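Student: Dropping a structure here in structure tokens format, bear with me for questions.
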Amino acid sequence: MKKLKLIFTVFLALSAASVVAQSRHFNSATIGMGGGGTAYVDGYHANFINPANLMINNTGRKPQRTIGLLGGLGVRAGGTMLNQSVYDTYFTKGLILEGQTRSDMLEAWFGSDVNNTRNVVVGLNIVPFGFSNRGKNTAFSLATRVRTIEEFDVNKGFMELAFYGLDSDHFSNPVPVDFTNTVLSYTEVSLGFAMALPIPLTGLIEKLPFINGINIYAGAAPKYIVGLQSTELDFNSTLQITGADQNGPGTITHDFNYSMFVYGDLATQMSDYSRARQTNDKAKLGDYVDYDGSDIGTLGTGFGLDLGVTAEIDVSLPALGFLGKRQVLRVSMSATDLGSVSFKENPKEVRANSVFNFDGDIGDESFGDYFDTLSDSLQNDIYGGFETRDAPERKYDLPGMYNFGASLTLGKLTATADYGVGFNDLGYNTKISYVTLGAEYRLLNFIPIRVGTRRGGDYSAAYSAGLGVDFRFLELTLGASTVSSDSDKGTTLAFAWSGLVFRF
Amino acid sequence: MRNFKLLLVWIFTVVLVTNCDISTPGKPDFTTSHSVEAPLLLNKTLQFLGGGEGAPEALLDTTKSDFDSLFTVTEGGIDDGLITLSRTEEFDFGDLNDAIPEIGIDPTSFNSQVGEIEIGSFSSGDGDLGSVDIEEVTGSDPDFVPAGTPIPSGDNSANPVEINIGANTDFFVSATIKRGTIDIQVTNNLGFDFRVAQVQLIDTTTKAGIGSFAEFSPANGNQLVDGAIEVASVAFNAGDKIQNLGVQLTIFWDAFTFPANPGLLAVNSVEGNGLTASEVEAAVTEQDFSTASVTSFDATEFQFTSEDHFVQLESGIIELGEIRNSLDLSVERLVISFPGIRSSENEADSLRLEYSGDTEISRKGSAPARQIDLTGYYIFANGNQINYNIQAITENTQNAPVGDQTRVINEIDSVSSSVAINNLKISRAFGEIQSQTTLLGDDDPNNGTTTSGNAIVDAYNETEVSLTEIDGLDELSSEIDGIEFAGASLSIAYTSNIGVPTTIYAAILGVDGEGEEIFLKGVVGTDKEVQATDPIDGIYANGVQLRADQLIKFTLDTSPDGSVITSSVTFDQDNTNVLEFLNNLPSEIRFVGKSVINQSNGEATIATPLEFDPSILVDLPIYFSAASATYETTVDGSGLDGLPKEGDDTDVTSGELVITYENGLPLGFILNFDFLDDLGNSITTVPLPGDDPVQLSAAQVDGTSRFVTTAMPGQLIIALNDSQLDQLSRTDSVAVSATLDSFSQEAVKIKDTDSITISISAKASVRTNVGGN
């Protein structure tokens, strides 16, 4: 039970840190339309995509105030390890994954270099509360968001171990077996403000063809960030197995090192354990580490800022007039997630550098006793034989992005196009540019049907769709996206729910 | 127009979707193939014997309860380090005091009667009892008849003279005569000769004659001539009563001349002659009478055949019954003495019981019963008899007040009582002790007795048996067969204070883990051999009388002085079948028996407590030979039910255990495993027929010491193929059999430090199917 509790605690610590960082905030509307929304998302969600949009009413039918209770939930999971092409080729055809087939499978999955890595990223986006008020010239909002992102990277050697087992033929020479795991979780409290900017050339613009009028909005949403939890584990090792021969029963050699950053109570507990081991080699990890998460919310703080500007243009496109009389073009750009969060509550770095060499030499112990205690020994003496040391506060940049987008609303139909590029490579964020395309048709004006796609970035092309009901005073919509099979970039699945959104 | 717009939306949607490269993941269907290859042990040295914290790991961990104190290791000498399986079990037989002979004494009574009363003199004085002068006899007064006057013959029958002698018989009153005579002495000084004189005793009161008359006559040779003193005897009939005694004389004379100075005719004395009375009334002086009596021992178990034979009593009581005195005389002193019962071995210390003074026995009275504790007394009873004497002295009634002086004493008056010697318990005895048989240990009365009346002891009666359990051999003995031990012995060590030759007849039954029985028996012609004529009746096993050739006997050393001695009896291969007995690897040894003490019935000393505290010692040196000995056991295989079976998603396609060894034990084996299902049917075997044997070779031993000199290296592989592994999940049990061979199949010795070093690696291939059909 103790062990189970420990495992649960670690899992909690890791997953609790996992609410964040898709590159761009998404809700059920944007996920259904390919993930854009820079020039489309309004209401309190605009705080996180483009605060200038606090001033817009993308359907033209929404009341000026919006409140969301559990006002949005989205989850995205994917990564290069989720390779549908490999899956379809090797895991659906009844193949026995051995010999050349196994070698080919791993080659297709990870490439030829044993050091190649693949990852799985899980992101969670929750907006527990949001409120926005749209005035004639100004708007403001208050929104909270919990973001968690967890990324798990493994190298090819890791997966070879999974598919070969303890095979002395394959691991006769040292093979790197590495993995990393990063978890970051924080809560943002965002206060948004937007206003209509004065239009300098009033009257002149309206004289331009197809343009009936223009409004330009600017918005900013500073936010206070509370670090919930974070860990970073970087595990590197080599594994070598020699088989039995006349000289002995063989050996398993695992030369490893790892480091992990932990904070708060968890850091204290692991530090206590590390110190205890210096004087008591029988100290057990489970006796010291019993993290209950009570320090969540006290581990770190930070500040962030989302900025945006939107030009809302009333257009008349006669050729498309049949789609509706209301024709609005919005062009926006924003910079989101500018800032960082620092985990500074008792930061510790856990480090271990050791070699687990198992050759059957059990010393003076009896065979039964040795193997009875082997798991404890591995946990406490081998892999748990770490040292801790104080670490400087750990600062994580937010997954900042530059976003540019446009939307064109023609009656009940809205089409969007977005461009995005990340300022860093955290989680889903990528410095590789990508574009999204999306469309929404509001059937009967209250049933939004949404489709979209995303291209570029660090992942394969994504396709998405959404559906729901969106009345003037209430919204309840869903959105989902998937990434097509890509032998290099894997696949991604995402899902979002609008939550309960009321307007008045 | 409205429909047209909607159509456009749908066209856009369809185009968008159909251009999407959205593929649905297929159903998983693949099989992984893993190898698991791991070293399990590297050069692990297992010492044959050892264990405990800090000690090398051992094949036989002597710190475990099964083996605790089971092994000893020889220190020094040519067998230094030799392991011996030793087991000592103390038997608690209690004492053998049942072998102390028991003696019983019949209670006896004594009755010291006065008996016939003999009457002698009727006078206590010296003078004549009475006399008459010549005138009274003849009627002639000398004062008037001159001397020389012729007196014609005549007699006085018409007027016989009477002499009253009663006044001169002191305290005599009367007597009832049973027989005998009274001699009357008469002196004739009358001056003439009596031709005949007839004497008749008479009751002077009634004038009746008492008894027959007597006659002084020439014919009787007692003629009372002048100056003669003669005696005549008066005979009585039984029952004649003498009282108021007088003498009547009838005199016949011939003519004579009247004497000048006639004297007297005097009755000098009246004496009883063989005169006995059944009752006398008289004033009697002290009367001393005594009686001797004897009581006998039961001679069944002990005989006093010499004056110096004795028993010393641990306890015992003399019970002297109420003493009844029917005499009309007080018994002023009564002494009952037992010359053979002494407080020490000295003859002078005999037991005496006295009644006198305050305890005197009143006339026609009694004295209360008495008990005398005999603890510590010695009884000398040559001929198995105890003598005792009763002596009594009565009061002197003549000193009694007047009027209470005369008493009637009847011949049947007596002083009587009874003597019983009870609860005799002997602490020491010297004499001819009859052979005693005593059971060793408790007797279960439910077993009954044999037709000969001997108690039965049964080797399988848990109340009676003394059990030695050798826990460590229990399982081993049921599984191993064919091991021949050398130099094994079984001995019985004991302490004893028995000074009497004692022989133990016993059933020593070894039972191995499978219930096979081997009796320890003596080699023919040795002193351990039991003959059919020996007293073995009643030694049973499972309700059946055991034969002589299923039993063993041994004699105990005797204690010279009753002190506790320590000794032992060893059963070795020269005098017993101990090798066969121990080769059976008995996990329990059952002992029942009986001791026969002083089987020759000779003179001996025996004393309590009879101590015999034996311990049985089993010494089984690990010095054995194994020539294709077998070891068979069945282990639970139900744990294998977790293994994948044919058709499961997971399939173990091969498994191999490689054991590399350096065997420092002089014992090798060939292993076979037979995997059995729940019906006992074979599923598969390891090795399969035709495969290489799973064999471990024995180390070489020195030709002389028989200890290991060179360890034997080798490798054995236990491998299972895919089809075998597919079936293993059905395993319910695994029959493991091994053929054991000592080096060259000859006798070898194992030291505690002999060891085997092994390395083990395991290798398995596992396929796991995911999805599919």
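Respectively, the protein sequence lines represent chains E and X.
Per my numbering, residue 1 is the first one in the first sequence, and the count goes up by one each step.
Per my numbering, residue 505 is the first one in the second sequence, and the count goes up by one each step.
By construction, the Cβ of each residue, glycine as well, lies at the ideal position given by its N, Cα and C atoms.
Predicted model, so just to flag it, every value in this text is computed and none were measured.
List, from N- to C-terminal side, the beta strand (DSSP E) runs of 3 residues or more that fit wholly inside the stretch 619-706 of chain X.
Tutor: If we require 3 residues or more, the beta strand (DSSP E) runs fully inside the stretch 619-706 of chain X come out as 634-637, 665-668, 676-692.
Student: Is the CB-CB distance between X/Thr1112 and X/Val1068 below 9 angstroms?
Tutor: Here the question's residue 1112 of chain X lines up with position 608 in the second sequence. Here the question's residue 1068 of chain X lines up with position 564 in the second sequence. The answer is no: Cβ separation not under 9 angstroms.
Student: Taking 9 angstroms as the threshold (beta carbon to beta carbon), is X/Gly1275 in contact with chain E?
Tutor: In the second sequence, residue 1275 of chain X corresponds to position 771, counting from 1. Closer than 9 angstroms to some Cβ of chain E, the Cβ of X/Gly1275 qualifies, so yes.
Student: Which residues bound the beta strand (DSSP E) around E/Gly227?
Tutor: Looking up residue 227 of chain E in the first sequence gives position 227. Counting along the chain, the beta strand (DSSP E) containing E/Gly227 begins and ends at 211-242.
Student: Pair every Cβ in the stretch 379-386 of chain E with every Cβ in the stretch 277-295 of chain E, then say whether three or more of these pairs are closer than 8 angstroms.
Tutor: At 8 angstroms Cβ cutoff, the stretches touch.
Student: Reducing DSSP to helix, strand and coil, say where X/Gln909 ends up.
Tutor: Along the second sequence, one-based indexing puts residue 909 of chain X at 405. It is coil, neither helix nor strand.
Student: By DSSP, does X/Glu593 sit in helix, in strand, or in coil?
Tutor: For the purposes of this step, residue 593 of chain X is taken as the residue at position 89 of the second sequence. The answer is strand: DSSP assigns X/Glu593 an E or B state.
Student: In chain order, what residues of the stretch 540-551 of chain X put their CB closer than 8 angstroms to some CB of chain E?
Tutor: Residues Val540, Glu541, Ala542, Pro543, Leu544, Leu545, Leu546, Asn547, Lys548.
Student: In the DSSP assignment, the alpha helix (DSSP H) including E/Thr30 goes from what residue to what residue?
Tutor: On the first sequence, residue 30 of chain E is found 30 positions in, with the first residue counted as 1. Run containing E/Thr30: 28-32, per the alpha helix (DSSP H) assignment.
Student: Here's the rule I'm using: 16 or more other beta-carbon atoms within 10 Å means buried, otherwise exposed. How should X/Gly743 be labelled?
Tutor: Sequence index remark: in the second sequence, residue 743 of chain X carries index 239 (1-based). Exposed, because fewer than 16 other Cβ atoms sit within 10 Å of the Cβ of X/Gly743.
Student: Using only alpha-carbon positions, find the residue among X/Gly643, X/Gly1276, X/Asp1236, X/Gln1219 that is nearest to X/Thr1261.
Tutor: Taking the first residue of the second sequence as 1, we reach residue 1261 of chain X at position 757. The shortest Cα separation from X/Thr1261 among X/Gly643, X/Gly1276, X/Asp1236, X/Gln1219 belongs to X/Gln1219.
Student: Does the CB of X/Gln1199 have a neighbour CB from chain E at under 9 angstroms?
Tutor: By 1-based counting over the second sequence, the position of residue 1199 of chain X is 695. No - not a single Cβ of chain E is within 9 angstroms of the one on X/Gln1199.
Student: Identify, in the order they occur along the chain, each residue of the same chain with its Cβ nearer than 7 angstroms to the Cβ of X/Pro1289, setting aside the five sequence neighbours on each side.
Tutor: Because chain X spans 505 through 1277 in this model, residue 1289 of chain X falls outside it and cannot be assessed.
Student: Identify the residues that DSSP records as bridge partners of X/Lys1057: which are they?
Tutor: To locate residue 1057 of chain X, count along the second sequence from 1; it is residue 553. DSSP lists X/Tyr1009 as partners of X/Lys1057.
Student: At a Cβ cut of 8 angstroms, what residues of the stretch 65-94 of chain E count as close to chain X, listed as they run along the chain?
Tutor: Under the 8 angstroms Cβ criterion, the stretch 65-94 of chain E contributes Gln84, Tyr87, Asp88, Tyr90, Phe91, Thr92, Lys93, Gly94.
Student: Under the DSSP definition of a beta bridge, which residues are partnered with E/Val421?
Tutor: Here residue 421 of chain E refers to the residue found at position 421 of the first sequence. Bridge partners of E/Val421: E/Tyr402.
Student: Beta-carbon of E/Asp364 versus every beta-carbon of chain X: anything under 9 angstroms?
Tutor: If you number the first sequence from 1, residue 364 of chain E lands on position 364. True, the Cβ-Cβ gap to chain X drops below 9 angstroms.
Student: Got a sec: is the Cβ-Cβ distance from E/Ile241 to anything in chain C below 9 angstroms?
Tutor: In the structure shown, chain C cannot be found, because the protein chains are E and X.
Student: For the stretch 288-301 of chain E against the stretch 354-363 of chain E, are there 3 or more C-beta pairs whose distance is under 8 angstroms?
Tutor: The answer is no - the stretch 354-363 of chain E does not touch the stretch 288-301 of chain E, with fewer than three Cβ pairs under 8 angstroms.
Student: Just checking: is the beta-carbon of E/Phe358 within a distance shorter than 9 angstroms of some beta-carbon in chain X?
Tutor: Residue numbering aside, residue 358 of chain E sits at position 358 when the first sequence is read from its first letter. Yes - at least one Cβ of chain X is within 9 angstroms of the one on E/Phe358.
Student: With 16 other CB atoms within 10 Å as the buried threshold, where does E/Gly123 fall?
Tutor: Within the first sequence, the letter at position 123 stands for residue 123 of chain E. The residue is buried, with at least 16 neighbouring Cβ atoms inside 10 Å.
Student: Comparing alpha-carbon positions, which option in X/Lys568, X/Pro722, X/Ile1264, X/Asp1206 lies nearest X/Ala736?
Tutor: Taking the second sequence and counting its residues from 1, one reaches residue 736 of chain X at position 232. Selected option, being the one with the closest Cα: X/Pro722.
Student: Does any C-beta atom of chain E lie closer than 9 angstroms to the C-beta of X/Lys1025?
Tutor: The sequence position of residue 1025 of chain X within the second sequence is 521, counting from 1. Taking Cβ atoms only, chain E never reaches closer than 9 angstroms to X/Lys1025, which makes this a no.
Student: Is it true that the stretch 883-896 of chain X meets the stretch 791-802 of chain X, where meeting means three or more beta-carbon pairs spaced less than 8 angstroms apart?
Tutor: A contact exists between the stretch 883-896 of chain X and the stretch 791-802 of chain X.
Student: Which class does E/Lys207 belong to by DSSP, given the choice of helix, strand or coil?
Tutor: Numbered from 1 along the first sequence, position 207 holds the residue referred to as residue 207 of chain E. In this structure, E/Lys207 counts as helix in the three-state DSSP scheme.
Student: Could you check the C-alpha separation between E/Ser28 and E/Phe367 for me, to the nearest Å?
Tutor: One-based indexing of the first sequence puts residue 28 of chain E at position 28. One-based indexing of the first sequence puts residue 367 of chain E at position 367. Roughly 59 angstroms between the two C-alpha positions.
Student: Is the Cβ of X/Ser1263 closer than 9 angstroms to any Cβ of chain E?
Tutor: Translated into positions along the second sequence, residue 1263 of chain X becomes position 759. Chain E, which has a Cβ nearer than 9 angstroms to the Cβ of X/Ser1263, makes this yes.
Student: Indicate the three-state DSSP secondary structure (helix, strand or coil) for X/Gly887 in the structure shown.
Tutor: Position 383 of the second sequence, counting from 1, holds the residue named residue 887 of chain X. Helix.
Student: On a CA-only basis, which of X/Phe595, X/Thr1074, X/Gln1231 is nearest X/Asp1145? Give me that one, please.
Tutor: Against the second sequence, residue 1145 of chain X aligns to sequence position 641. Ranking the options by Cα distance to X/Asp1145, first place goes to X/Gln1231.
Student: Identify the contact partners of X/Thr536 in chain E, using a Cβ-Cβ distance below 7 angstroms as the criterion.
Tutor: Mapped onto the second sequence, residue 536 of chain X falls at position 32. Neighbours of X/Thr536 on chain E, chain order: Leu97, Phe163.
Student: Just to confirm before moving on: does the CB-CB distance between E/Asp470 and E/Arg442 stay below 9 angstroms?
Tutor: Along the first sequence, read from residue 1 onward, the residue named residue 470 of chain E stands at position 470. Along the first sequence, read from residue 1 onward, the residue named residue 442 of chain E stands at position 442. Result yes, Cβ atoms of E/Asp470 and E/Arg442 sit closer than 9 angstroms.
Student: Just the chain X side, please: which residues come within less than 9 angstroms of E/Leu500 by C-beta, in chain order?
Tutor: Here residue 500 of chain E corresponds to residue number 500 of the first sequence, with the count starting at 1. What E/Leu500 touches in chain X: nothing, since even the nearest Cβ is about 28 angstroms away.
Student: Put X/Gly1026 into one of helix, strand or coil per three-state DSSP.
Tutor: Here residue 1026 of chain X refers to the residue found at position 522 when the second sequence is read from its first residue. If DSSP states are grouped into helix, strand and coil, X/Gly1026 belongs with the strands.
Student: Look up E/Tyr40 in the DSSP assignment and say whether it is helix, strand or coil.
Tutor: For the purposes of this step, residue 40 of chain E is taken as the residue at position 40 of the first sequence. If DSSP states are grouped into helix, strand and coil, E/Tyr40 belongs with coil.
Student: Does E/His45 get closer than 9 angstroms to chain X when you measure Cβ to Cβ?
Tutor: Numbered from 1 along the first sequence, position 45 holds the residue referred to as residue 45 of chain E. Chain X, which has no Cβ nearer than 9 angstroms to the Cβ of E/His45, makes this no.
Student: Does the beta carbon of E/Arg351 come closer than 9 angstroms to any beta carbon on chain X?
Tutor: Here residue 351 of chain E refers to the residue found at position 351 when the first sequence is read from its first residue. Judged by the 9 angstroms Cβ criterion, E/Arg351 is not in contact with chain X.
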